[in-house]
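Mapping the sequence shown onto my numbering, position 217 (from 1) lands on 234, and the numbers just tick up by one.
Cβ atoms here follow ideal geometry from the backbone N, Cα and C, with glycine treated the same way.
Since this is a predicted model, take the numbers as computed values, not measurements.
Notes follow the structure.
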Amino acid sequence: MGQRMTAAATWTRRRLEAYDWAMGARRVAFAVACGILCGLANVVLCLGVSWAGDAWRALPWLSALLPALAALEVVMYRRLGVVMDLRPGFNGLMKDMGANRRLPTRVGPTMLAGTLMSLLGGASVGPDSAAKYLGASVGAAMVPWFSVDDDNGEPAYDWAVACGLAACFSALLCAPLGVFAYLVEHLAARRCRVRHLPTVLLSCLVAAAFARPMGLQIQTPFVGSRAAAAPDLAGALLVAVGAAVAGVGFEVGVRLLEGLRSRMGRDPMRCLVTGGVVVAVALLVVPGLMGWAGLGTDLVVPALAEPHGGWGFALKLALTVVCLGFGLRGGEVTVMFVTGALMGSAVASLCGADPLLTGALAMAALYGVALGCPISGALVGCEFFGWGFAPWLLPCIGAAWLGRTALKGVVDQVRRHRE
């Protein structure tokens, strides 16, 4: 035992002596500066999203212009020389990071402008994808200022992009631990060494601390610890089942539209304009559908306050699938929170549970299941609704994830059988 302790102490001492403390200080300084700048970028993002949403709610006929706005998005991307990846969320960004491609700094502002155009036309998309791209652009632009060196095969550029991506997303949600887990779950730290992950977390914490006093994030009431009651337990079970079904439905729906895009030649102009026409016609023709369009964060608080029955959450999810499936600019995270709140409220109406409890559970569970990040879902739920709510969150998200895995297995088996 004594020899093992001596060997461990010797190894630790050598590692500390070999560590470049000056470079480590530069990385810490970068993480802090990146968190502050991403917090500022998030202010611009949130104000722009608020303006676009207010304009659409005041002038609902703008939905008729969604095809033209979609075409304008494509023209803007082409004029700026930015590649338009039609996959939803930030899957294109993940691909670029995995392939070690350098992102032009203009990618972030371009994604922001495209997202604002989509929201101006009433598209059911969120600002989170723009936040990730904005943060990545900030990190990519800042890294030369700090003269950070590569580390044994790990490009400093990739680490800087990860810092910026996580920081701006953390500023948007004000949930630094959940966002950090989201990054690790999705990127699996492939391009970022484990010893540098603490600086990524630091950038998340700084950005969230900068953004929280401004109150621009989704407003969620505190839930905390709750006693178990039969209606609430039944509601939690229904939420787990609903989140699993809705999460798989979201994935399957987007996949089907991706197949349609393939048959359309994957031409951005054709795909986005087609999606704009489909959404615009649906919003202008189907009675009541306009109430589920747009970002919809204004629906969260009423849904958590009182039970609302109906299939509004399914309509919201379907609109999101169509918008993102056809490639309209925007993200899915914030929209999943809205859909989850509506689902939880419907469950509460069905079984007599507390809508605050079922709504909070559904927001975290649907986010974790639909986006494939259950750990992040649990952490974001705790940061949104209080750590005392964890005894409810963890079993619900775990059950939803198991249900999602089983359903996805069945769907994949059916697809292979048809092929």
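One or two residues paired with residue i in a DSSP bridge
{"i": "glycine 348", "result": "Gly143"}
Beta-carbon proximity list for residue i, same chain, < 6 Å, skipping 5 on both sides
{"i": "alanine 9", "result": "The requested residue 9 is not part of the displayed model; the chain covers only 18 to 436."}
{"i": "proline 285", "result": "Val91 and Met101"}
{"i": "alanine 416", "result": "Ala257"}
{"i": "valine 66", "result": "Pro144"}
{"i": "cysteine 185", "result": "Cys55, Ala58, Asn59, Ala148, Leu151 and Gly152"}
{"i": "glycine 405", "result": "Gly241 and Ser242"}
{"i": "leucine 64", "result": "none"}
{"i": "glutamine 236", "result": "none"}
{"i": "valine 8", "result": "Residue numbering for the chain in the displayed model covers 18 to 436; residue 8 lies beyond these limits and cannot be assessed."}
{"i": "arginine 435", "result": "none"}
{"i": "alanine 407", "result": "Cys399"}
8 Å Cβ shell around residue i - same chain, five flanking residues per side excluded
{"i": "valine 142", "result": "Thr132, Ser135, Leu136, Leu312, Thr337, Cys340, Leu341, Leu345, Arg346, Gly347, Gly348, Glu349 and Val352"}
{"i": "valine 269", "result": "Val428"}
{"i": "glycine 403", "result": "Phe239, Val240, Gly241 and Ser242"}
{"i": "alanine 206", "result": "Caution applies to alanine 206, whose pLDDT of 46 falls short of 50 and renders its modelled position unreliable; the model cannot decide the point."}
{"i": "arginine 283", "result": "Leu103"}
{"i": "valine 45", "result": "Thr216 and Leu219"}
{"i": "tyrosine 174", "result": "Arg119, Ala157 and Val160"}
Spatial neighbours of residue i in its chain, beta-carbon cut-off 7 Å, leaving aside the 5 residues before and after
{"i": "leucine 306", "result": "Ala299, Leu300 and Leu332"}
{"i": "glycine 426", "result": "none"}
{"i": "alanine 140", "result": "Leu83, Val296, Cys340, Leu345 and Gly347"}
{"i": "proline 304", "result": "none"}
{"i": "alanine 81", "result": "Ala297 and Leu301"}
{"i": "threonine 127", "result": "Met93, Tyr94, Leu97 and Val99"}
{"i": "phenylalanine 267", "result": "Leu334, Val338 and Ala387"}
{"i": "phenylalanine 227", "result": "Gly52, Ile53, Gly56 and Ala188"}
Nearest residue (CA-CA) to residue i, options the options
{"i": "valine 61", "options": "Leu79, Lys425, Leu151 and Ala140", "result": "Leu151"}
{"i": "proline 172", "options": "Ala188, Val160 and Trp78", "result": "Val160"}
{"i": "valine 318", "options": "Phe163, Ala358 and Ala407", "result": "Ala358"}
{"i": "threonine 291", "options": "Gly65, Val49 and Ala87", "result": "Ala87"}
{"i": "glycine 181", "options": "Phe47, Leu316 and Arg421", "result": "Phe47"}
{"i": "arginine 119", "options": "Leu89, Tyr384, Val155 and Leu64", "result": "Val155"}
{"i": "cysteine 221", "options": "Ile235, Tyr199, Phe163 and Met231", "result": "Tyr199"}
{"i": "isoleucine 414", "options": "Leu424, Ala379 and Trp404", "result": "Ala379"}
{"i": "proline 412", "options": "Leu255, His203 and Ala225", "result": "Leu255"}
{"i": "threonine 356", "options": "Gly329, Leu367 and Phe227", "result": "Gly329"}
{"i": "tryptophan 162", "options": "Leu76, Arg43, Leu233 and His203", "result": "Arg43"}
{"i": "valine 223", "options": "Phe197, Gly266, Val294 and Glu323", "result": "Phe197"}
{"i": "tryptophan 409", "options": "Pro77, Met128 and Leu250", "result": "Leu250"}
{"i": "alanine 247", "options": "Thr375, Leu419 and Leu76", "result": "Thr375"}
{"i": "glutamate 323", "options": "Ala370, Pro304, Val302 and Gly308", "result": "Ala370"}
{"i": "alanine 363", "options": "Leu316, Thr127, Phe343 and Ala85", "result": "Leu316"}
{"i": "leucine 168", "options": "Val211, Ser187, Phe227 and Ala130", "result": "The identity of residue 168 in the sequence shown is aspartate, whereas the question assumes leucine. Selected option, being the one with the closest Cα: Val211."}
{"i": "cysteine 51", "options": "Ser187, Ala85, Tyr94 and Leu89", "result": "Ser187"}
{"i": "alanine 130", "options": "Tyr174, Leu424, Leu79 and Trp68", "result": "Trp68"}
{"i": "alanine 320", "options": "Met231, Trp418, Tyr174 and Ala377", "result": "Ala377"}
{"i": "leucine 274", "options": "Phe343, His434 and Ala226", "result": "Phe343"}
{"i": "histidine 203", "options": "Ala407, Pro391 and Gly232", "result": "Pro391"}
{"i": "arginine 233", "options": "Ala310, Thr314 and Ser146", "result": "The amino acid at residue 233 is misidentified as arginine; the sequence shows leucine. Closest by alpha carbon: Thr314."}
Rounded Cβ spacing between residue i and residue j (contact assumed at less than 8 Å)
{"i": "arginine 278", "j": "leucine 103", "result": "6 Å"}
{"i": "leucine 334", "j": "alanine 263", "result": "6 Å"}
{"i": "arginine 421", "j": "alanine 261", "result": "4 Å"}
{"i": "methionine 360", "j": "valine 165", "result": "Actually they do not touch by this definition, with Cβ atoms about 44 Å apart."}
{"i": "valine 217", "j": "alanine 253", "result": "Not confirmed; about 33 Å, so no contact."}
{"i": "alanine 365", "j": "proline 372", "result": "4 Å"}
{"i": "methionine 281", "j": "arginine 287", "result": "5 Å"}
{"i": "serine 393", "j": "glycine 195", "result": "5 Å"}
{"i": "leucine 367", "j": "glycine 326", "result": "7 Å"}
{"i": "leucine 219", "j": "valine 49", "result": "7 Å"}
{"i": "valine 178", "j": "alanine 157", "result": "6 Å"}
{"i": "valine 265", "j": "leucine 424", "result": "5 Å"}
{"i": "glycine 138", "j": "leucine 76", "result": "Contact doesn't hold; Cβ gap of about 11 Å is too wide."}
Next on the checklist: Is it the case that the segment 89-102 contacts the segment 121-136, given that we only count it when at least three CB pairs across the two stretches are under 8 Å?
Outcome noted: yes
Item to check | Contact the segment 69-88 vs the segment 239-250: 3+ CB pairs below 8 Å | outcome: no
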